[in-house]
Amino acid sequence: MSFGLLTTISCDREFDSEGVSRVTTYATLTMQGEVWNRIPQGGTWTDPGVTAKEGEADIDVTVGGDVVDVNTPGAYAISYTATNKDGFSSTLYRYVGVISPSVEGVDITGSYKRDAGAFGVSTVTKIDENLYTTDNVGGVATGGPSTTVYFYHYDEGLLAVPSQDVMGSTFSCTDATIEVGVSYSWIVVNSGYGPALRNFVKQ
1 MSFGLLTTIS
11 CDREFDSEGV
21 SRVTTYATLT
31 MQGEVWNRIP
41 QGGTWTDPGV
51 TAKEGEADID
61 VTVGGDVVDV
71 NTPGAYAISY
81 TATNKDGFSS
91 TLYRYVGVIS
101 PSVEGVDITG
111 SYKRDAGAFG
121 VSTVTKIDEN
131 LYTTDNVGGV
141 ATGGPSTTVY
151 FYHYDEGLLA
161 VPSQDVMGST
171 FSCTDATIEV
181 GVSYSWIVVN
191 SGYGPALRNF
201 VKQ
């Protein structure tokens with residue numbers, strides 16, 4: 001299952017340095033394995049890795065972000081960064097959900113309506129066990145691709161929406177909780193959204 005939500009494109013770009021124009025070639029990163037991953041609590045995780053090239057030459061990749069703790073349920077984001085000879089960097093992200101046995105087999109798909117504001121409807125769709133999308137992260141009047149995020153139901157009563165790029169805008173959520181079959185709530189972290197806790201009731 002490969003979604004490729006975050007990609008970095010190699011390109012040639014002209015820039016000026018003290019009146020001298022030249023071209024820089026951005027690094028191209030290639031991810032092995034999946035962007036969005038899940039493992040059971042207490043399972044094993046081996047990073048498949050990322051390779052990078054500047055033109056035809058291999059260049060180093062720096063791994064950062066979270067260290068996956070297979071014994072602690074949650075969502076972990078791993079970053080991979082390559083920097084070209086001119087100092088321009090490109091980055092990819094991989095996500096790993098460590099899933100508690102308490103929510104294995106629990107399905108939270110369905111339609112949820114925000115109980116305030118525009119009363120927008122969020123359609124929650126299962127992508128894999130305990131990995132979902134919503135097409136309306138903030139419960140705005142009309143959702144769609146620009147408001148679609150991936151998230152994990154990783155432990156009893158808990159959701160995780162890690163920071164992710166959505167059509168050029170960064171989204172994440174904090175204070176994300178769920179009462180299965182009833183409702184879920186979270187605070188959307190994005191420059192276009194306020195700090196209110198948003199509550200969605202299952203229809």
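Under our numbering, think of the first position of the sequence shown as 1, with each following residue one higher.
Even for Gly, the Cβ is constructed at its ideal location relative to N, Cα and C.
Since the structure is predicted, the reported quantities are computational estimates derived from the model, not experimental observations.
Residue i at chain B interface by Cβ criterion, 8 Å
{"i": "S185", "result": "Judged by its chain identifiers, the structure shown contains no chain B, having just a single protein chain."}
Same chain, Cβ closer than 7 Å to residue i, neighbours up to 5 away in sequence not counted
{"i": "D155", "result": "P73, S100, S102 and V103"}
{"i": "G49", "result": "Q32"}
{"i": "P162", "result": "A75, A77, Y95 and S172"}
Rounded straight-line distance, which links the Cα of residue j to that of residue i
{"i": "D175", "j": "A116", "result": "17 Å"}
{"i": "Y152", "j": "V137", "result": "13 Å"}
{"i": "D66", "j": "T30", "result": "20 Å"}
{"i": "N84", "j": "T25", "result": "7 Å"}
{"i": "Y112", "j": "P145", "result": "17 Å"}
{"i": "Y193", "j": "I187", "result": "9 Å"}
{"i": "L92", "j": "V166", "result": "14 Å"}
{"i": "V180", "j": "D128", "result": "17 Å"}
{"i": "D47", "j": "D86", "result": "28 Å"}
{"i": "G105", "j": "N130", "result": "8 Å"}
{"i": "L197", "j": "T177", "result": "11 Å"}
{"i": "N37", "j": "Q164", "result": "14 Å"}
{"i": "T147", "j": "G168", "result": "11 Å"}
Under 8 Å between C-beta atoms of residue i and residue j
{"i": "Y95", "j": "A77", "result": "yes"}
{"i": "T133", "j": "V149", "result": "yes"}
{"i": "S79", "j": "G64", "result": "yes"}
{"i": "A141", "j": "G120", "result": "yes"}
{"i": "R114", "j": "G139", "result": "yes"}
{"i": "L159", "j": "Y184", "result": "yes"}
{"i": "V61", "j": "T51", "result": "yes"}
{"i": "N199", "j": "T170", "result": "no"}
{"i": "D135", "j": "S122", "result": "yes"}
Residues bridged to residue i (per DSSP)
{"i": "W36", "result": "Y95"}
{"i": "D58", "result": "K53"}
{"i": "I178", "result": "Y184"}
{"i": "A77", "result": "Y95"}
{"i": "D165", "result": "T170"}
{"i": "G65", "result": "I78"}
Sequence-distant residues of its chain with Cβ nearer than 8 Å to residue i (five each side left out)
{"i": "V70", "result": "I39, Q41, G42, G43, T44, W45 and V98"}
{"i": "S89", "result": "A27, T81, A82 and T83"}
{"i": "I59", "result": "A27, A52, K53, A82, T83 and N84"}
Same chain, Cβ closer than 6 Å to residue i, neighbours up to 5 away in sequence not counted
{"i": "Q203", "result": "S111 and K113"}
{"i": "A118", "result": "V140 and A141"}
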